[in-house]
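Following my numbering, the numbering of the sequence shown begins with 11 at its first residue and continues without gaps.
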Amino acid sequence: MDTLGFNRRKFLQIGSTVAVASAVTPITYGASLFKDDILELSTDNENLRLFSNENPYGPSPKVLDAITKYTNRVNRYASFHTYDTNNLKKMIAERNNIKEDQVILGHGSFEILCMLTRTFGKEENSIIVPATTFNVTAAFADRIFDHKVKRIVLNQAMNIDLEATKKAVTKDTKLVYICNPNNPTGKALPVAELVSFCKEVASSTCTVAIDEAYIELMNPSDTPDTIKLLKEKHNVLIIRTFSKAYGLAGLRVGYAMGSSETIALLNHEFYNFGGLISNPGVVASITALEDTTYVDEYRKKNQEVRTYVEKSLDTFDIKYLKSNTNFILVDVKDAKRFRSELKPFGFAIVPGGGKHYPTWARISIGTLKEMKIFLKAVDGMNWLKA
Ligand SMILES: Cc1ncc(COP(=O)(O)O)c(C=O)c1O
């Protein structure tokens, strides 16, 4: 009996106690948006992926239709009629009322985070990042340079410490990276604090990069207007992705918006051949931007399921951070044990808190059905409850 076979059977067995029996019929991703029957495909024949903060429902049906319709064009680079990288850039610029030369596309926002390292990290201490965050820019710097970047530990409330960050800025600082909401904490900075930080710190020699990978999942009323900062000529770089709210992680499209000068600096690190974005990625991203209701639906659904998880964790007396995203950071006391005890249930998670929070684990929010099974597994861990 192979491990995957075992996990799968065991998982479905457990699942059947809390879910409907029809769960085993494979269905097409996205076609039955938010219906409670997408368990089969989201297992990916492997593990239940509660570790990458993906949209568990997949992209909108309109996006799937568009990708399918143009599969016969995969012999072409991403430049045909509507579905051209320049059109995608243009669309992003128009939506945000900025100029086209203020937008850069990346092979996922991951590529943009690496561009930041190459552009701003050549000298010692020229980059400042939170010590607990999405670590790409700093980790890439560790790999390609002999020197370290400055890492600022989170404050007592596990928020990015803007005061300490401000104090760490010197004339040599070229980039401050802020992730809002932060990964792995899921916490968002108070809007006024972030805005005044950007106004104070961003300058012609120091770019403040704000990674907004999860911004679409926040309540719109709590969301900082970082585009306004850009229009007011503060040197901020806003990084976004189609991977999370739009459900397109596998197609690898991200982008950044900044001043024309900052985008020109990044372009210098980017040997642009039609944007290096895949043709289906461009088709999907353009269609996703046109489908204006899908993200709202996912935001609501994610909030609903997240609240369900939070209430259950409250019942178990398990500590977690209130999240603004599609993941929750939970104090599981012993992250290794937690992880290994979830394995037989078919769940894969990451420890999440890094060296500063070793007892915490980051849990992505899946479908309600997945989370019910997850919570049932957690309920069985008596050692974990307070
Ligand atoms: C905060 C943050 N930024 C950027 C990324 C990279 O996403 P992608 O390269 O898929 O756009 C992730 C992925 O998990 C993330 O959590």
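Beta carbons: idealized from backbone N, C-alpha and C, even for Gly.
Query                                                                                                                                                                                    : Result
Distance check for residue 182 and residue 376, CA to CA, integer angstroms please.                                                                                                      : 43 Å
Pick out whichever of 131, 190, 313 and 141 has its Cα sitting closest to the Cα of residue 151.                                                                                         : 131
Residue ranges of each alpha helix (DSSP H) run of no fewer than 4 residues wholly in the region 49-104, ordered along the chain?                                                        : 49-52 and 71-79
For residue 374 and residue 324, I'd like the C-alpha separation in whole angstroms.                                                                                                     : 17 Å
Measure the Cβ-Cβ separation of residue 113 and residue 138 and say whether it is below 9 Å.                                                                                             : no
For residue 368, count the other beta carbons within 10 Å of its own beta carbon; 16 or more makes it buried, fewer makes it exposed. Which is it?                                       : exposed
For ligand 1, I want to know if residue 242 counts as a neighbour, meaning its beta carbon is within less than 8 Å of at least one of the ligand's heavy atoms.                          : no
Between the region 119-133 and the region 295-304, are three or more C-beta pairs nearer than 8 Å?                                                                                       : no
CA-CA distance, residue 225 and residue 231?                                                                                                                                             : 11 Å
With a threshold of 16 other CB atoms inside 10 Å of the CB of residue 190, please say whether the residue is buried or exposed.                                                         : buried
Would you grab the beta carbon distance between residue 334 and residue 239 for me? Rounded to a whole angstrom, and I think it's under 8 Å.                                             : That pair is no contact at about 19 Å.
Using DSSP with H/G/I as helix, E/B as strand and the rest coil, what is residue 385?                                                                                                    : helix
Would residue 359 and residue 347 qualify as a contact pair, given that the criterion is a beta-carbon distance under 9 Å?                                                               : no
Kindly list the residues whose CB is nearer than 7 Å to the CB of residue 106, restricted to its own chain and excluding five residues on each side of it in sequence; keep chain order. : 237 and 267
According to the Cβ coordinates, are residue 140 and residue 123 closer than 9 Å?                                                                                                        : no
State the DSSP-derived secondary structure class of residue 375, mapped to helix, strand or coil.                                                                                        : coil
When you compare only the Cα positions, how much space is there between residue 71 and residue 210?                                                                                      : 43 Å
Starting from residue 201 and walking both ways along the beta strand (DSSP E), at which residues does that stretch end?                                                                 : From DSSP, residue 201 is part of no beta strand (DSSP E) but of the alpha helix (DSSP H) over 201-211.
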